[in-house]
Amino acid sequence: MERMGSCPRLVTIAMVRNELSMNALLRIAFVTSLTCLAPLTVAAQTPCGGSFNAFIADLKTEARAKGHSRRTVNTFFDGTQQSASVLKADRSQGVFQKPFIDFSRALISSNRINAGAANAKKWASTFDRAERQFGVPRGILLAFWAFETDFGAVQGNYNTRDALVTLAHDCRRPDLFRPQVLAAIELYERDGMDPSTTTGAWAGEIGMVQMLPEDILRNGVDADGDGRVSLKTSAPDALMSGAKLLADLGWKANQPWLHEVSAPAGFDWSLSGTDKELTVADWQKRGITARSGSLGNSRLKASLIAPQGRNGPVFLAYPNFKVLFEWNQSFVYVTAAAYFATRLSGAPVYDAGNPDAGLDGDRMKALQNKLAARGYDVGKIDGILGAGTRAAVQDVQQKLGMPADAWPTPELLDRL
177 MERMGSCPRL
187 VTIAMVRNEL
197 SMNALLRIAF
207 VTSLTCLAPL
217 TVAAQTPCGG
227 SFNAFIADLK
237 TEARAKGHSR
247 RTVNTFFDGT
257 QQSASVLKAD
267 RSQGVFQKPF
277 IDFSRALISS
287 NRINAGAANA
297 KKWASTFDRA
307 ERQFGVPRGI
317 LLAFWAFETD
327 FGAVQGNYNT
337 RDALVTLAHD
347 CRRPDLFRPQ
357 VLAAIELYER
367 DGMDPSTTTG
377 AWAGEIGMVQ
387 MLPEDILRNG
397 VDADGDGRVS
407 LKTSAPDALM
417 SGAKLLADLG
427 WKANQPWLHE
437 VSAPAGFDWS
447 LSGTDKELTV
457 ADWQKRGITA
467 RSGSLGNSRL
477 KASLIAPQGR
487 NGPVFLAYPN
497 FKVLFEWNQS
507 FVYVTAAAYF
517 ATRLSGAPVY
527 DAGNPDAGLD
537 GDRMKALQNK
547 LAARGYDVGK
557 IDGILGAGTR
567 AAVQDVQQKL
577 GMPADAWPTP
587 ELLDRL
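Residue numbers for the sequence shown follow the numbering used here, beginning at 177 and rising by one.
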């Protein structure tokens, strides 16, 4: 987990997205209120934890200092409660321990694919507009709309204000969530967000595509022209806002994001991983071929990823794929969402192959402990196959003379 006490760089919510609920996974805004150039901000002066009432009083003082009226501030915070259920959810993360094939099959059903096709037709004009204005294809928007809220059906029932204040008060990541409370006050004033009744994900995201208040302020779009940004009830507003957010994060128009490929026998798997890039032409020279369709511009750079090792599905991941990690640092979530977007865009079902057995949560933790003891930075010992663990596994595999596909197996654990 990213340490919050130091100040070498800005902190983003993407750093902790692999701990967020399934209804809280689309977004990421940079927290600009905490920098080393401004160490005397109110947030820095106020300790986390302690009296919840005193903490709210301090938030009120900060909100007043930012120009909000006393009446606005008092009304916004009236009835605020610390949420034990939010704190419990914040410490749950087992869903991301599933391997890619299990995870993707659980989230991508024939019903969801059919619902995606129906929504693509129903909101065709909105998707056309999003593609023209922001360059984001409908497959991507449909995939995250489905994953986040099942096309708006399940948006979360946590009080948004209480969730944000609870997480801002909690000592795990106060500097991440405090700015979101202040942004929510702005939404209350600007768009009439009712603090007592507005609900969403436990981490404070709101609406069909689950955006945090800062993101809504920055990227919210009134696409239906009713004078308000209504992410909970207006599909055009939600989809256009999501597209604007993606463009803000760096999405490039008219470029691919993920393409399933096949690798030849004897391929050098040490070349795989999101931290390594070659041009499409260079991958093709090494025997990488598309399972269907075309790999596109031969000069475009891409990474080769094998979510469950060399014997499972294999993909080329383009720069747009990496943009998705600005929303969520869970490799399995991002890969499943990106793959689902290709399915919604007409790609076939991936070739599951016959992957080597992986590790369950407890054995993954045991592996992470062994890797950490050898000096590898695997991040938090959480049983999740994240970027740090993958990199360490691949390096150890190379040293042991094993195929370096970054997929941890019982054999690797035994050899360590």
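From the three backbone atoms N, C-alpha and C, an ideal C-beta is built for every residue, glycine too.
| field | Cβ shell of residue 211 (< 6 Å), same chain only, five flanking positions each side left out | value | Indexing the sequence shown from 1 puts residue 211 at position 35. No answer about residue 211 holds up, because its pLDDT of 30 lies below 50 and its placement is not dependable.
| task | Identify every residue that forms a DSSP beta bridge with residue 335. | result | Taking the first residue of the sequence shown as 1, we reach residue 335 at position 159. DSSP lists 375 as partners of residue 335.
| task | With distances taken Cα to Cα, identify the nearest neighbour of residue 479 among 577, 465, 443, 459. | result | Locating residue 479 in the sequence shown gives position 303, counting from the first residue. Nearest C-alpha to residue 479: 459.
| request: Since I believe residue 414 is in contact with residue 594 (beta carbons under 8 Å), could you give me their beta-carbon distance rounded to a whole number of angstroms? | output: Since the first residue of the chain shown is 177 and the last is 592, residue 594 is not available in this structure.
| Do the region 329-343 and the region 515-523 meet, that is, are 3 or more Cβ pairs less than 8 Å apart? | no
| Between the C-alpha atoms of residue 417 and residue 426, what's the straight-line distance to the nearest angstrom? | One-based indexing of the sequence shown puts residue 417 at position 241. One-based indexing of the sequence shown puts residue 426 at position 250. Computed Cα separation, rounded: 14 Å.
| task | Let me know if residue 558 comes out buried or exposed under the rule of 16 or more other beta-carbons within 10 Å of its beta-carbon. | result | Translated into the one-based positions of the sequence shown, residue 558 becomes position 382. Buried: at least 16 other Cβ atoms inside 10 Å.
| query | Assuming residue 529 contacts residue 488 under a Cβ cut-off of 8 Å, what Cβ separation, rounded to an integer in Å, is found between them? | reply | One-based indexing of the sequence shown puts residue 529 at position 353. One-based indexing of the sequence shown puts residue 488 at position 312. That pair is a contact at about 5 Å.
| task | Give me the Cα-Cα distance between residue 301 and residue 397, rounded to the nearest whole angstrom. | result | The sequence position of residue 301 within the sequence shown is 125, counting from 1. The sequence position of residue 397 within the sequence shown is 221, counting from 1. Their Cα atoms are separated by approximately 15 Å.
| field | Limits of the unbroken alpha helix (DSSP H) element including residue 456 | value | For the purposes of this step, residue 456 is taken as the residue at position 280 of the sequence shown. Looking at the DSSP string, the run of the alpha helix (DSSP H) that includes residue 456 is 456-461.
| Proximity winner among 437, 374, 379, 513, relative to residue 253 (alpha-carbon distances) | In the sequence shown, residue 253 corresponds to position 77, counting from 1. It is 374.
| request: Grab the span of the beta strand (DSSP E) containing residue 491 for me, first residue to last. | output: Taking the sequence shown and counting its residues from 1, the one referred to as residue 491 is at position 315. Note, residue 491: beta strand (DSSP E), 491-493.
| Pairing CB atoms from the region 579-587 with CB atoms from the region 446-455, are three or more of them under 8 Å? | yes
| query | Rounded to the nearest angstrom, how far is the Cβ of residue 266 from that of residue 343, given a contact under 8 Å? | reply | Locating residue 266 in the sequence shown gives position 90, where the first residue counts as 1. Locating residue 343 in the sequence shown gives position 167, where the first residue counts as 1. Contact flag correct, Cβ pair sits at about 7 Å.
| query | What did DSSP end up calling residue 218 once you bin it into helix, strand or coil? | reply | Working through the sequence shown from its first residue, we reach residue 218 at position 42. Confidence in residue 218 is poor, its pLDDT being 38 and thus under 50, which makes the residue's placement too unreliable to answer from.
| For the region 426-443 against the region 318-327, are there 3 or more C-beta pairs whose distance is under 8 Å? | no
| message | When you compare the CB positions of residue 275 and residue 555, do they come within less than 8 Å of one another, or not? | response | Locating residue 275 in the sequence shown gives position 99, counting from the first residue. Locating residue 555 in the sequence shown gives position 379, counting from the first residue. Not in contact: residue 275 and residue 555 (Cβ atoms no closer than 8 Å).
| Neighbourhood of residue 372 by C-beta distance below 8 Å, restricted to the same chain and skipping five residues each side | On the sequence shown, residue 372 is found 196 positions in, with the first residue counted as 1. Cβ within range, chain order: 254, 255, 335, 337.
| task | Have a look at the DSSP bridge pairing and note the partners of residue 481. | result | As a position in the sequence shown, residue 481 is number 305, starting the count at 1. Residue 481 pairs with 491.
| Cβ of residue 399 within 8 Å of Cβ of residue 386? | Walking along the sequence shown from the start, residue 399 turns up at place 223. Walking along the sequence shown from the start, residue 386 turns up at place 210. For residue 399 and residue 386, no; Cβs fall outside 8 Å.
| field | beta strand (DSSP E) segments (min. 3 residues) lying fully within the region 392-466 | value | 434-438
| query | Can residue 422 and residue 499 be called in contact, C-beta distance under 8 Å? | reply | Reading the sequence shown from its first residue, position 246 is the one you call residue 422. Reading the sequence shown from its first residue, position 323 is the one you call residue 499. Yes.
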